[in-house]
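Per UniProt numbering, residue 1 is the first one in the sequence shown, and the count goes up by one each step.
Backbone N, C-alpha and C define an ideal beta-carbon position, used for all residues, glycine too.
Since the structure comes first, as structure tokens, the remarks are kept for the end.
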Amino acid sequence: MTNQLPTGNINVQLFQFKENPMELKSNESITGTTCSFSLQNGNSSIKFKNLAENIEIYLPRPEASEPEIVDIVWKPGFTVTSSFNISDANVTVVVTAIPNQNTTLSFTLHPPEAANATYLNQSTNVTYKDNYRWLITPEMRRGIEGTWKVAVLPAGQSSSKTLSFKVSVFVTKCLFWDTEIEAWSREGCMVGPNTMPNLTHCLCNHTTFFGSSFFVMPNQVDLSKTAALFSTVNENYIVVVLLSCFFALFLVVVMWAWYADRKALRTRKMTLLESNHPCAMYNYLVYVQTGHRKGAGTTAKVTATLQFSEGQSEPYYLSDPEKPLFERGGVDVFLLSMPFCLGELQKIDISHDNSGGSPDWYMDRITVQDLQTQEVTYFLCSTWLRGETCTRTFNSANTNEIASFGNIFQTRTSSGFRDEHIWVSVVDPPRRSPFTRVQRVSCCMSLLLCTMAINIMFWNLPADTESPVLLKIGSFELTWQEFIVAIESGLLMFPINILIITIFRHIKPRILLNKASTSKKKTPAAAVSMNIILKETIGLLNHLSKSPKNMLAAKEIRPETSGDLFWALNKVNDVLQIMQVENVGDPHWSYCSRFVFYSLSHISHLLEHVGEKGFFLDEELRQARETVAVLLKKAEMATFQHVSQRSPTVEVQKKKQGWWLPWWFLFIGWFLLFALSGLSTFFTLLYGFQYGRESSIQWVVTLTLSLVQSIFILQPLKVIFVAIFFAMILRPVAVENNEEVELLLKEQKKKCEEYAGRSIS
């Protein structure tokens, strides 16, 4: 080296870094200390390559754990074998076998079985001068990966005494930063003979950044001995019994979950209210949430009336003949349609008829979403409807009430335990979630099996006495080694399980049309009477009188004669006259004109099918038909005038919906779940058989305490802290549309077409 140095003063620069300074560009897992060694001649750097003598560098590894030490007894005629798995072709394996007496040991390297035919076994003799250590370099392994074995026995097998060995194996490598390719490389560097678990000895023939990588492996198991380990099931059946109990319990619970899912399937669907007027096109989604208190559900018939800033709606009967409503903890969704908007929603009147065996009802909250503007109005109820108090009026919640800590904390805690706490959510999941009970139970089983496998892999690792203490509370201590094992366990367990749960939670439900509702035929009544026509016409007037913009006062009238019909048609004409002079940008007239047009189409359709005795005089029938025809023409012109300027509809707002996965992702989720569960079960059994009966019993006790801590302490705390975070930082999430809303709107459109006797664009 001195022959390559220039004349003059030479400055030596040595830098040491606790962490990898090339972390952002690193292609290797560099842990611990990194150092840089260089020589300076003035302002220029002196670089060396291919030195005759290597530069020795010692890189401390204070955080490294001691490798597992296995006590092995050697008897004459036998061979002691230690195995290790190689997944990185660049590492150097350090094998140490310290005997209980001074002797020369013979080490023989055996490749994986697949490479036996092409690889010649290598041997060496080691003594106390070598620290009974053998470094197996990448060149010795020729890039072959898999499970290697090292046979250890006294040299020449001359010993006739029994020997005991303390065998340990760890891997490491020495790397340098190649500035040309901006990556870590091992060219020109190798691991030195003085390498220890907490100190890497590097020999390099050039100057640059140096680093080493140290891997702490979990307890090792030899996969080539799988059959032999499984054959010990009669002697060590603890883990088998534990897994069998878990699988038996899983089958029982999953059968119950399947039955519960089938029962709950019919309660998930939204309801298109029968009390909606067929021609009403201004739509609201009404979410009615029943509380979780005992006896909160009701058997009574419920009615809702919406109060707006410009008027009050008709009473709507919240009923569905195809499913039970207002059950404990349930969320019932109704599509409520009005002829036009009546301004800002301010109050809602809820009443029930106190019928059925259990009429008392505890309402939690009501949410009303305007599908045209996407505005959401909340009504915080939290009250009983019972006895004589069967009618209550609720004011809309203001911003402070909605965003209050108590409201959001209560909502997030309730939804968190019922949805995010994977174990509790099996019993009472959200009613409208696509994440079924069967999927939740299966995810719990997968998480349990994965927890068992990772727990048993890292169980009872040798303690690192030099590992620093990060946290100490009384007698409890958290060391750096325990912290790293926890991080490694989390990285192995949570990403794949979270991925499976996310897939199931976001799969778009496959919604099938109700064939019964689409099979109805459009058949007019055989005979239409004067009373039916009068009732429909007066009903149209009553709806129009709800808005002050129509300038039509409500009037109680009992229609009896044809004169009442012509009076009512004249009032409709007055409203049409107003429509023709109003601004086309007002969404009220857009929906009102369509409502009048389709309603008059229905009345015209009835007049065409009126019976012979429907009118007293044929002249009255002819005049009624002509009058309705004229009004229908005016309504059509008003509709064309206003609808082209109407406000955005639900279809325009579709982009605001949450993200969903295609339904066929269901198969990907199940494949990942079964694959993970199978691998976890296999390795749990393998490690259990290797540990033996006594160690397996101790592990089962440790696992039980860990599971109890996770289910009853850690996950509830996670739900509570998340709820506090949302309550303090975030705001409540608005209700979103989905495909089922679109299907209801199509069904509503079909009903309107049948009612009006014409197609709707």
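Roughly how many angstroms separate the alpha carbons of residue 152 and residue 449, rounded to a whole number?
37 Å
To the nearest angstrom, report how far apart residue 177 and residue 87 are at their CA atoms.
22 Å
Residue 155 versus 347, 573, 564, 80, residue with shortest Cα-Cα distance
80
Along the beta strand (DSSP E) that carries residue 56, what are the first and last residues, could you check?
55 to 60
When burial is assigned at 16 or more other CB atoms within 10 Å of the CB, is residue 332 buried or exposed?
buried
Three-state secondary structure (DSSP) of residue 551
coil
Count the other CB atoms, across all protein chains shown, that sit within 10 Å of the CB of residue 271; report buried if there are 16 or more and exposed otherwise.
The residue in question, residue 271, is buried, as its Cβ has 16 or more Cβ neighbours within 10 Å.
Quick one: grab the DSSP three-state call for residue 427.
Here residue 427 sits in coil by DSSP.
Return the residue from the list 330, 66, 234, 571 that minimises the CA-CA distance to residue 295.
330
Count the other CB atoms, across all protein chains shown, that sit within 10 Å of the CB of residue 283; report buried if there are 16 or more and exposed otherwise.
buried
Quick check on the burial criterion: 16 or more other C-beta atoms within 10 angstroms. Buried or exposed for residue 236?
buried
Threshold first: 3 residues or longer. Then list the beta strand (DSSP E) segments lying entirely within the segment 472 to 497, N to C.
476 to 479
Could you have a look at residue 281 and say whether DSSP puts it in helix, strand or coil?
coil
Report the CB separation of residue 54 from residue 203 in whole angstroms; it is logged as a contact under 8 Å.
Separation of the CB atoms of residue 54 and residue 203 is rounded to 4 Å, and the pair is thereby assigned contact status at 8 Å.
Report the three-state DSSP secondary structure of residue 633 (helix, strand or coil).
Here residue 633 sits in helix by DSSP.
Inter-residue CB distance, residue 313 and residue 338 (contact presumed, cutoff 8 Å):
6 Å
Less than 7 Å separating the beta-carbons of residue 229 and residue 690?
Annotated as proximal: residue 229 and residue 690, with beta-carbon spacing under 7 Å.
Got a sec, what are the start and stop residues for the alpha helix (DSSP H) residue 256 sits in?
238 to 265
Bridge partners - residue 74, DSSP secondary structure assignment:
163
Host beta strand (DSSP E) of residue 365 (start-end)
361 to 370
From the DSSP output, which residues share a beta bridge with residue 392?
350
Same chain only: Cβ atoms within 8 Å of residue 233, ignoring 5 sequence neighbours per side:
240, 689
Assuming contact is defined by CB atoms lying nearer than 7 Å, are residue 221 and residue 82 in contact in what I supplied?
Their beta carbons are not under 7 Å apart, which means residue 221 does not touch residue 82 by this criterion.
Chain-order list of residues whose beta-carbon lies under 8 Å from that of residue 441 (same chain, five-residue window excluded):
The beta carbon of residue 441 is closer than 8 Å to those of 250, 253, 254, 257, 426 in its chain, skipping five residues each way along the sequence.
How far does the alpha helix (DSSP H) with residue 675 in it reach, from first residue to last?
Its alpha helix (DSSP H) spans residues 665 to 691.
Unbroken alpha helix (DSSP H) run spanning residue 603, endpoints
587 to 608
Cutoff 7 Å; reference residue 492; Cβ partners in own chain excluding five residues on either side
454
Within the continuous alpha helix (DSSP H) that includes residue 230, where are the two ends?
226 to 230
I'd like to know whether the C-beta atoms of residue 755 and residue 609 end up nearer to each other than 7 Å.
no
By the DSSP assignment, the beta strand (DSSP E) with residue 303 in it spans what residues?
That run of the beta strand (DSSP E) goes 302 to 308.
Inter-residue CB distance, residue 191 and residue 103 (contact presumed, cutoff 8 Å):
25 Å between Cβ atoms; not a contact.
Between which residues of its own chain and residue 362 is the CB-CB distance below 6 Å, once the five residues before and five after are set aside?
Only 291, 293, 296, 384 meet the Cβ criterion.
Terminal residues of the alpha helix (DSSP H) in which residue 140 lies
138 to 141
Around the C-beta of residue 473, are 16 or more other C-beta atoms found within 10 angstroms, so that it is buried, or is it exposed?
Taking every protein chain shown into account, the CB of residue 473 has fewer than 16 other CB atoms within 10 angstroms, so this residue is exposed.
Taking the alpha carbon of residue 143 as the reference point, which residue from 134, 123, 112, 150 has its own alpha carbon closest?
Among 134, 123, 112, 150, the Cα nearest to that of residue 143 is on 112.
Take residue 360 and list the residues in its own chain whose beta-carbon comes closer than 6 Å to its own, dropping the five residues that flank it on each side.
386
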